[in-house]
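Single-structure report; data block below.
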Amino acid sequence: MRDYIKRLKACINWYIDLEDGYLVRQEELNSLLESEKRKYSDVEVQLNSKIQEAALLNEEYKKMKLSLEENLRMEESSKLAAIKAQEKEAEARAASESLCCSLSEDLERNTQEIKRLNDQIKMVQETNKRLQEYNTSLQHYNSNLQADAVKNGDAISKLQKDKNAMLETITGLKDQTSLLRNQLNAIRSSQQEAIKQKEELKKEAGCLRSELQQVRDDRDYQLSRVQLMTDELNKYKKETCNSQQDQLKTLQYQLAAANEKLKRADLVTCETLQENEAQKNLVCELQSHVADLEYQLVEAEKLRKKLHNTILELKGNIRVFCRVRPALPEVDSGVADALVVSYPTGVEYLGRGIDLMHNAQKYSFTFDKVFAHEASQEDVFVEISQLVQSALDGYKVCIFAYGQTGSGKTYTMMGKPEAPEQKGLIPRSLEQIFETSQALQCQGWKYKMQASMLEIYNETIRDLLSPNRSNSIDQTLNKQYTIKHDSSGNTHVSDLTVVDVCSINEVSFLLNQAARSRSVGRTQMNEQSSRSHCVFTLRISGMNDATEQQVQGVLNLIDLAGSERLAKSGSTGDRLKETQESLVTFAL
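Residues in the sequence shown are numbered from 1 upward in steps of one, following the UniProt record's numbering.
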């Protein structure tokens, strides 16, 4: 609609400029016509007088001819009378010929004057032709307007005929204007914004038509007056008439070619509409097919979650893995492994069993999975990655590392972030969760994740993500952290800092912050032994607006404090109290 209004305004401006030029030209032509009228009036008076004289002579000649014919019918009753009549006729002819000679000279002079007048008439006709060409362009624009407003081939054809009739006669122009107004009235209900400009265009078109009518009346008047003279001078204008006929044939040929182009354009428009309709039908079919595929994808995702968690339940809701740490550098690893640790080769316990030698006695243990000392961090994560997926599906998952001081618990859980291949279970699990949640966005899932991290040190809960990073014991005692359980089985700690996380980079920053705040101490078995239990909790809230599904999952990743024999660790005083009281509090 805006493009249509812009085109309409441009057409109106162009029409106004053309109208101004036309008015100036019309004034010049009017002044020229007035001067030519005066000259032509004088010539016309002279011609009329001479024509009257010739007419009188012609009447006399006719009378004489009638009398001669009557005399001939009387069988030449009197030769003498006939001879006298012939003499009179000869005299009359001589007088007529002399008069014709004088008239020919006058006509020759008048011919030149008429030729000059014809040149002026041609100028008027050229101006009229330009006006007709503008009218034709206006008609084409109106045709495009009607094509946008009424997509009906029959109406367009009828409108085109009316427009052609307007070019031929003033009556056809008025009929087309009436039809255009009727169609514009039909459009007014849906195009209120453009109706004012259309009305202005109609008024201006009416003014132009009235002016065109006036020019055409003047032209017809001049042509009628010229026609009176051209009737007497037809023998001098045969070539001119022939050229005009040729021009008329040329114009008729051009009109036929334009009609043929219009028909071809109508055919192309119909074909385009048919192709557009076919494309619309194809789009509808594809949209329906996409909707079916999306529904199947949602159902398949539901089935995947169900089967995935069913498999995990079949494997066991509680699973115990054993990871063997390589020997310390100061011990010969080959000798130590050969003497202390061995793995059964039987099919039943392959990858699940471990044999320990102590005082020449063999002790066999069986787990859900045993990782040898050469197993990498990636190998361990592959085994527990399915549990991480369950947390994203809305289940509560808890993974913790248990063992004595120096057994590699913190390395397994946290790893070394600066070395990508040595990243622990916590950063790898978080990477998997964020990658999977982003992949599920295309299915309509939106996830919100909140992280918290605490340690339990000497029966005291400490917030490792507290804004005050010093986390001194005195500051911790100012807050009463209380462990609460709701009716849904969810566990919360009051006053604990909960941080919204959106990327793995944010979580990595929080883990580094917590690692700097964690309590460590020296024992006989480990230079930097974790003296507290560290609990990292990630709460996952997911929602799918399309399927109206909601999931609430929790992932707890726990690094327990060292659990060693006092004789080996040499823990006394605070170190002994740290281990014992932390375990008591963690059990709560």
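Where is the CB? At the ideal position from N, CA and C, for every residue including glycine.
Nonlocal neighbours in the same chain, by C-beta distance under 6 Å from residue i, ignoring five residues either side
i    : result
A546 : G444
G353 : P344 and T366
H485 : T491
N526 : At N526, the pLDDT of 42 sits below 50, so the modelled position is not reliable; the number obtained from the coordinates is stated separately. Excluding residues within five positions, the ones whose Cβ falls inside 6 Å are T405 and G406.
Option in the options with minimal Cα separation from residue i
i    : options                   : result
A419 : F400, E378 and I456       : E378
L496 : K479, Q404, N505 and E548 : K479
S437 : L32, Q389 and K409        : Q389
Y402 : S35, C322 and E34         : C322
K161 : N259, K448 and R216       : N259
G408 : P467, V324 and T250       : V324
R462 : Y481, Q274 and C398       : Y481
V501 : E431, S532, V340 and D3   : E431
P427 : S466, V380 and Q441       : V380
Q214 : L29, S35, V397 and L557   : L29
D119 : E36, K249, C398 and L66   : E36
W14  : E69, I51, A205 and A55    : A205
R539 : Y447, L267 and L440       : Y447
R7   : A375, R216, E70 and H140  : H140
A372 : E211, A265 and L350       : L350
I433 : S532, P467, L212 and D393 : D393
L262 : T491, M543, K158 and E87  : K158
A327 : R319, V341 and I318       : V341
T537 : Q549, G553, N544 and E548 : G553
N505 : E435, A561 and G562       : E435
S98  : E53, N48 and R73          : E53
L555 : S429, N468 and M543       : S429
K115 : L32, K9, A94 and T230     : T230
Q46  : R109, E69 and H358        : R109
DSSP-derived helix/strand/coil call for residue i
i           : result
D559        : strand
V283        : helix
W14         : helix
Q361        : strand
D463        : strand
K479        : coil
I318        : coil
R518        : coil
L328        : coil
Y395        : coil
E275        : helix
V507        : helix
T269        : helix
M74         : coil
T250        : helix
V215        : helix
V290        : helix
V24         : helix
E348        : coil
N468        : coil
residue 601 : As shown, the chain starts at 1 and ends at 588. That puts residue 601 outside it, with no answer to give.
S488        : coil
T230        : helix
T410        : helix
S376        : coil
Close beta carbons around residue i, own chain, < 8 Å, minus the five adjacent residues each side
i           : result
L464        : M453, L454, E455, N471, Q513, A514, S517, R518 and C534
Y221        : none
residue 652 : What is shown of the chain runs 1 to 588, which leaves residue 652 out entirely.
S376        : E421
Beta-bridge partners of residue i, as assigned by DSSP
i           : result
S342        : D355
V493        : I483
G542        : Y447 and V551
H533        : I456
F400        : I558
V499        : A451
Q323        : Here residue 323 turns out to be Arg, not Gln, going by the sequence shown. In DSSP, R323 forms a bridge with F371.
residue 597 : Lying before the first or after the last residue shown, residue 597 is absent from the chain, which here runs from 1 to 588.
T366        : G353
Nonlocal neighbours in the same chain, by C-beta distance under 7 Å from residue i, ignoring five residues either side
i    : result
V498 : Q450 and S452
M413 : A401, G424, L425, I426, L557 and D559
K362 : D355
S385 : Q432
Heavy atom of the ligand GDP within 7 Å of residue i beta-carbon
i    : result
L465 : Absence of the ligand GDP is noted for the structure shown, with no ligands found whatsoever.
inquiry  = Which complete beta strand (DSSP E) runs does the stretch 419-457 hold, if anything under 3 residues is left out?
reply    = Correct list: 445-457.
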